[in-house]
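Each protein sequence line maps, in turn, to chains W and P.
Here the first sequence stands for residues 173 to 389, where the numbers follow the working numbering.
Here the second sequence stands for residues 72 to 383, where the numbers follow the working numbering.
Worksheet: one structure, shown below.
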Amino acid sequence: MRWAVGWLMVSLGAVAGIAGVGLAGVFGPDNALSSGSHSVTAIGAGFVSAPATMRFFTPTVEIQVTAADESRELFLGVAHHVDVDDFMADSAYTRVDRVGLPWTFETTAVPGGPLPADPAQLDWWLLKQSGTGSLQMRLPLPKAPVELVLVDPSGHDRLDVRLQFEVVVRGAFYAGLGLMLLALGLLTVGWAMRRRPGTTGDVYVRERAASAVRGAS
Amino acid sequence: MAAVLVVSSLVTGCAGAGQSGVDSPKVAATFAVAQTTVNLYNHGAQAADATRDAGALATVESGSALQIHQGLYEVATTLDIDAQWASGYFALPDVVFAPAFDGYPMWFAASTTDQGKQTKALLLFTRQTSLTPWVLAAAPRLAVTTELPAVAIGAEGNAVTADPDDSVGLSGSVNQALTRFADVLGDVNSAYAEDFEDDAFIASARAMQSASQPANVVFSQTWQAEPVVFALRLADGGALVFATLRRIDHYTVVGKGVFAFDPQSAEGAFVPGKIRDSAEAAFVHQVVLVFAPDGKPHAIGQYDGITGARGT
Numbered sequence: 173m174r175w176a177v178g179w180l181m182v183s184l185g186a187v188a189g190i191a192g193v194g195l196a197g198v199f200g201p202d203n204a205l206s207s208g209s210h211s212v213t214a215i216g217a218g219f220v221s222a223p224a225t226m227r228f229f230t231p232t233v234e235i236q237v238t239a240a241d242e243s244r245e246l247f248l249g250v251a252h253h254v255d256v257d258d259f260m261a262d263s264a265y266t267r268v269d270r271v272g273l274p275w276t277f278e279t280t281a282v283p284g285g286p287l288p289a290d291p292a293q294l295d296w297w298l299l300k301q302s303g304t305g306s307l308q309m310r311l312p313l314p315k316a317p318v319e320l321v322l323v324d325p326s327g328h329d330r331l332d333v334r335l336q337f338e339v340v341v342r343g344a345f346y347a348g349l350g351l352m353l354l355a356l357g358l359l360t361v362g363w364a365m366r367r368r369p370g371t372t373g374d375v376y377v378r379e380r381a382a383s384a385v386r387g388a389s
Numbered sequence: 072m073a074a075v076l077v078v079s080s081l082v083t084g085c086a087g088a089g090q091s092g093v094d095s096p097k098v099a100a101t102f103a104v105a106q107t108t109v110n111l112y113n114h115g116a117q118a119a120d121a122t123r124d125a126g127a128l129a130t131v132e133s134g135s136a137l138q139i140h141q142g143l144y145e146v147a148t149t150l151d152i153d154a155q156w157a158s159g160y161f162a163l164p165d166v167v168f169a170p171a172f173d174g175y176p177m178w179f180a181a182s183t184t185d186q187g188k189q190t191k192a193l194l195l196f197t198r199q200t201s202l203t204p205w206v207l208a209a210a211p212r213l214a215v216t217t218e219l220p221a222v223a224i225g226a227e228g229n230a231v232t233a234d235p236d237d238s239v240g241l242s243g244s245v246n247q248a249l250t251r252f253a254d255v256l257g258d259v260n261s262a263y264a265e266d267f268e269d270d271a272f273i274a275s276a277r278a279m280q281s282a283s284q285p286a287n288v289v290f291s292q293t294w295q296a297e298p299v300v301f302a303l304r305l306a307d308g309g310a311l312v313f314a315t316l317r318r319i320d321h322y323t324v325v326g327k328g329v330f331a332f333d334p335q336s337a338e339g340a341f342v343p344g345k346i347r348d349s350a351e352a353a354f355v356h357q358v359v360l361v362f363a364p365d366g367k368p369h370a371i372g373q374y375d376g377i378t379g380a381r382g383t
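In structure tokens form, the structure reads like this:
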């Protein structure tokens with residue numbers, strides 16, 4: 173039984189160690205997992221993320237956008253899907269259906285017309301930012317089902333940008349270190365417990381003890 | 072590869088933790104949004120009142136609220152009086168009733184007082200699309216001592232709406248009841264009189280109908296209820312209903328002679344001078360009623376104004 177528990181602890185320790193190394197190594201001391209920078213192109217005004225994709229970005233995500241043409245106006249906003257769906261209902265854009273790391277970016281082109289208004293003038297954005305050429309936004313995601321919108325509000329029908337996002341999970345690095353420490357403990361204790369009763373070392377001790385007893389008698 | 076898979080699992084496993092479903096409806100307004108909306112309304116209405124600008128008023132009001140306020144402008148212009156005397160501006164709300172919606176249009180109600188603390192008001196704001204602002208659609212006044220019944224609360228922390236054509240929890244649908252309510256208001260012998268509490272609103276209608284008229288004038292009054300759009304479900308299963316009722320006062324001259332409205336009255340502002348045949352004055356009433364599952368419906372507040380008059 174003790175032998176079996178020992179091997180179980182060794183096994184768990186190995187898994188914890190791999191997970192800990194992975195977690196600490198991938199997130200690093202800044203607790204951020206980066207996608208790297210990638211070129212993407214949107215038809216219409218820009219990109220709108222489907223609400224399900226926003227579930228990937230939790231609890232905090234940092235987004236960096238750089239337009240291929242640095243004179244382009246950019247707008248980046250987060251709002252409840254009801255508001256975004258109504259605003260974009262008749263507009264052309266590229267919907268982001270799936271996002272993943274290290275880099276998955278699946279999209280669908282949605283046909284339509286120009287934006288109905290300058291999005292920066294509307295009052296229902298939970299977070300928003302406007303700029304020329306590039307934008308960077310760090311956003312803790314609200315619990316509501318939100319959509320991320322990246323558009324050029326000036327009426328172009330194509331948007332070329334380099335996009336990078338970082339998922340920030342506070343405490344991920346230290347959680348990785350913690351897992352490694354746990355792994356060390358499990359491996360150490362498990363290794364010591366894993367010897368079966370009747371192994372070579374134990375037999376030698378019993379034989380020596382037995383011969384000592386025979387000698388004494 | 073194993074480390075990346077574990078990390079991805081952890082990240083995607085965390086994804087969505089604490090988040091609402093991807094199709095969750097939107098609660099129409101937070102408390103902060105309601106306060107901002109009332110503030111913007113006050114500023115917009117005040118600016119429009121200063122110059123009696125009906126166009127500017129339409130940027131902060133709609134529906135029957137706008138009609139009442141525009142009628143006030145006509146009266147004020149004709150009689151050369153201050154348009155602000157009856158419009159009233161509002162303190163920031165203390166309670167907000169915001170339903171959740173899957174799309175536009177949206178609405179919410181907010182309880183507040185007028186800035187002189189003379190009355191309570193139950194403000195109803197609507198928003199047609201994501202591109203248009205919140206506008207005031209109704210503002211029935213209540214006595215300061217009136218306690219609002221408890222509203223049912225949904226899973227998103229939203230106020231629950233009541234379907235005006237739904238009979239669940241009530242003896243009949245809200246729309247059916249309001250049609251009968253209009254009949255009771257216009258006919259002292261209505262067959263539906265026993266279905267409603269003899270409240271102050273019904274009493275005031277009776278008082279208007281029995282008020283003395285010139286000897287050569289026959290007076291009658293008709294009421295009509297518009298279909299209900301805005302209703303909240305109460306915690307006891309009843310409903311809190313925002314109703315719009317149209318009233319027309321009919322004046323018919325009998326025999327020879329003429330009559331005239333008081334020149335300082337709202338009717339007189341629309342129809343100055345002598346009336347030889349007949350006249351009509353139209354009013355709209357914004358009424359808030361409580362439909363209790365175990366009691367008779369009754370009005371707890373209202374706000375009204377003239378929308379026009381004509382005579383020959």
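Each residue gets a CB set at the ideal place from its N, CA and C atoms; glycine is no exception.
Exercise. What are the complete alpha helix (DSSP H) segments, minimum 4 residues, inside the segment 216-246 of chain W?
Worked result: 223-226
For this session: Determine the direct distance from the alpha carbon of P/Leu202 to that of W/Ile190, and round the result to whole angstroms.
Result: For the purposes of this step, residue 190 of chain W is taken as residue 18 along the first sequence, with counting starting at 1. For the purposes of this step, residue 202 of chain P is taken as residue 131 along the second sequence, with counting starting at 1. When rounded, the distance between both Cα atoms is 52 Å.
Exercise. Whose C-alpha, out of W/Leu322, W/Leu299, W/Leu294 and W/Leu353, is nearest the C-alpha of W/Gly305?
Worked result: Locating residue 305 of chain W in the first sequence gives position 133, where the first residue counts as 1. Taking only the C-alpha atoms, the option nearest W/Gly305 is W/Leu322.
For this session: Taking P/Glu145 as part of the alpha helix (DSSP H), name the residues at either end of that continuous run.
Result: As a working note, residue 145 of chain P is residue 74 in the second sequence. Element bounds for P/Glu145: Gly134 to Leu150.
Problem set entry | CB contact check: P/Ser133 to chain W, cutoff 8 Å | The sequence position of residue 133 of chain P within the second sequence is 62, counting from 1. Answer no: the Cβ-Cβ gap between P/Ser133 and chain W never drops below 8 Å.
For this session: Flag P/Pro170 as yes if its beta-carbon sits less than 8 Å from any beta-carbon of chain W, otherwise no.
Result: Translated into the one-based positions of the second sequence, residue 170 of chain P becomes position 99. By this cut-off, P/Pro170 is not an interface position.
For this session: Leaving out five residues on either side along the sequence, give the residues of the same chain with a beta carbon under 6 Å from the beta carbon of P/Glu338.
Result: Taking the second sequence and counting its residues from 1, one reaches residue 338 of chain P at position 267. For P/Glu338, where only same-chain residues beyond five positions count, the Cβ hits under 6 Å are Phe332, Ala352 and Ala380.
Problem set entry | Contacting residues, own chain, Cβ-Cβ under 7 Å from W/Gln301 (five flanking each side not counted) | Here residue 301 of chain W refers to the residue found at position 129 when the first sequence is read from its first residue. The residues are Leu248, Leu307 and Met309.
Problem set entry | chain P contact residues for W/Trp296, given Cβ-Cβ distances below 8 Å | Walking along the first sequence from the start, residue 296 of chain W turns up at place 124. By Cβ distance, chain P contributes Ser201.
Exercise. Beta-carbon of P/Gly174 versus every beta-carbon of chain W: anything under 8 Å?
Worked result: Taking the second sequence and counting its residues from 1, one reaches residue 174 of chain P at position 103. Output row for P/Gly174: interface = yes.
Exercise. In terms of residues, what are the limits of the alpha helix (DSSP H) holding P/Gly228?
Worked result: Start at 1 with the first residue of the second sequence, and residue 228 of chain P comes out as number 157. Run containing P/Gly228: none; DSSP gives neither H nor E here.
Exercise. In angstroms, rounded to a whole number, what distance separates the CA positions of P/Val288 and P/Thr323?
Worked result: Position 217 of the second sequence, counted from the first residue, corresponds to residue 288 of chain P. Position 252 of the second sequence, counted from the first residue, corresponds to residue 323 of chain P. Annotation: P/Val288 to P/Thr323 spans about 5 Å, alpha carbon to alpha carbon.
For this session: Determine the contact status of P/Thr293 and P/Gln138, defining contact as a CB-CB distance below 8 Å.
Result: The residue given as residue 293 of chain P occupies position 222 in the second sequence. The residue given as residue 138 of chain P occupies position 67 in the second sequence. No, they are not a contact pair.
For this session: Compute the minimum distance between the beta carbon of P/Ala282 and the heavy atoms of the ligand FMN, and state whether it is under 7 Å.
Result: The ligand content of the structure shown is nil, which means the ligand FMN is not present either.
Problem set entry | Per DSSP, cross-strand counterpart(s) of W/Lys300 | Position 128 of the first sequence, counted from the start, is the residue given in the question as residue 300 of chain W. Per DSSP, W/Gly249.
Problem set entry | Own chain partners of P/Gly372 with C-beta closer than 7 Å, once the 5 adjacent residues on each side are dropped | In the second sequence, counting from the first residue as 1, residue 372 of chain P sits at position 301. Within the same chain, P/Gly372 has close Cβ partners Leu193, Pro211, Arg212, Leu213, Thr217 and Val359.
Exercise. Just reading off the beta strand (DSSP E) that W/Asp332 is part of, what are its end residues?
Worked result: Residue mapping note: residue 332 of chain W aligns to position 160 of the first sequence, counting from 1. Here the beta strand (DSSP E) through W/Asp332 covers Arg330 to Val340.
Exercise. By Cβ distance below 6 Å, which residues in the same chain neighbour W/Val193 in space, the five residues on each side in sequence not counted?
Worked result: Position 21 of the first sequence, counting from 1, holds the residue named residue 193 of chain W. Closer than 6 Å at Cβ, skipping near neighbours: no residue.
Exercise. Can you name the start and end residues of the beta strand (DSSP E) that P/Ser275 belongs to?
Worked result: Taking the second sequence and counting its residues from 1, the one referred to as residue 275 of chain P is at position 204. Unbroken run through P/Ser275 is the alpha helix (DSSP H), Ala271 to Ser281; no beta strand (DSSP E).
Exercise. Can we say the segment 270-288 of chain W touches the segment 195-214 of chain W, given the rule of at least three CB pairs closer than 8 Å?
Worked result: yes
Problem set entry | Buried/exposed call for W/Leu195, threshold 16 Cβ in 10 Å | One-based indexing of the first sequence puts residue 195 of chain W at position 23. Per the 10 Å Cβ criterion, buried.
Exercise. How about the segment 234-250 of chain W and the segment 351-370 of chain W: do they share at least three Cβ pairs that are nearer than 8 Å?
Worked result: A contact between stretches requires three or more CB pairs, one per stretch, nearer than 8 Å, and the segment 234-250 of chain W fails this requirement with the segment 351-370 of chain W.
Exercise. Thinking just about the alpha-carbon of each residue, which of W/Val268, W/Asp290, W/Ala289 and W/Leu294 is nearest to the one in W/Val282?
Worked result: In the first sequence, the residue the question calls residue 282 of chain W occupies position 110. The option with the nearest alpha carbon to W/Val282 is W/Val268.
Exercise. When the cut-off is 8 Å and only beta carbons count, does W/Ala289 lie next to chain P?
Worked result: Taking the first sequence and counting its residues from 1, the one referred to as residue 289 of chain W is at position 117. Output row for W/Ala289: interface = yes.
For this session: Identify every residue that forms a DSSP beta bridge with P/Ile394.
Result: Here chain P comprises residues numbered 72 to 383, so residue 394 of chain P is not present and cannot be evaluated.
For this session: Could you tell me whether the Cβ of P/Pro96 comes closer than 8 Å to any Cβ of chain W?
Result: What you label residue 96 of chain P is simply residue 25 of the second sequence in a count that begins at 1. At least one chain W Cβ lies under 8 Å of P/Pro96.
Exercise. Which of the three DSSP states, helix, strand or coil, is assigned to P/Phe196?
Worked result: Start at 1 with the first residue of the second sequence, and residue 196 of chain P comes out as number 125. DSSP places P/Phe196 within a strand segment (E or B) once states are collapsed to three.
Exercise. Since W/Phe219 meets chain P, which of its residues come closer than 7 Å, beta carbon to beta carbon?
Worked result: For the purposes of this step, residue 219 of chain W is taken as the residue at position 47 of the first sequence. Counting only Cβ-Cβ distances below 7 Å, W/Phe219 has no contacts in chain P at all, with the closest Cβ about 17 Å away.
For this session: Reducing DSSP to helix, strand and coil, say where P/Gln295 ends up.
Result: On the second sequence, position 224 is the one that residue 295 of chain P refers to. Of the three classes helix, strand and coil, the one that applies to P/Gln295 here is strand, per DSSP.
For this session: Let me know if P/Trp156 comes out buried or exposed under the rule of 16 or more other beta-carbons within 10 Å of its beta-carbon.
Result: In the second sequence, residue 156 of chain P corresponds to position 85, counting from 1. With a pLDDT of 49 at P/Trp156, under the threshold of 50, the predicted position of this residue should be treated as unreliable, and no value is reported.
For this session: Please go through the same chain and pick out, in chain order, the residues whose beta-carbon is closer than 8 Å to the beta-carbon of W/Pro317, but skip the five residues on each side of it.
Result: Residue mapping note: residue 317 of chain W aligns to position 145 of the first sequence, counting from 1. These residues qualify, in order along the chain: Pro223, Met226, His252 and His253.
Problem set entry | Three-way DSSP call (helix, strand, coil) for P/Trp156 in this model | Residue 156 of chain P sits at position 85 when you count from the first residue of the second sequence. Confidence at P/Trp156 is low in this model, with a pLDDT of 49, below 50, so the placement of that residue should be treated as unreliable; the coordinate-derived value is given next. If DSSP states are grouped into helix, strand and coil, P/Trp156 belongs with the helices.
Exercise. Can you tell me the Cα-Cα spacing of W/Asp324 and P/Val206, whole angstroms?
Worked result: For the purposes of this step, residue 324 of chain W is identified with residue 152 of the first sequence, where counting begins at 1. For the purposes of this step, residue 206 of chain P is identified with residue 135 of the second sequence, where counting begins at 1. Distance between the alpha carbons of W/Asp324 and P/Val206: 29 Å.
For this session: Identify the contact partners of W/His252 in chain P, using a Cβ-Cβ distance below 7 Å as the criterion.
Result: On the first sequence, position 80 is the one that residue 252 of chain W refers to. Under a criterion of Cβ atoms nearer than 7 Å, the residues of chain P adjacent to W/His252 are, in order, Lys97.
Problem set entry | Neighbour-count burial assignment, P/Ile224, 16 or more Cβ in a 10 Å radius | The sequence position of residue 224 of chain P within the second sequence is 153, counting from 1. The residue is exposed, with fewer than 16 neighbouring Cβ atoms inside 10 Å.
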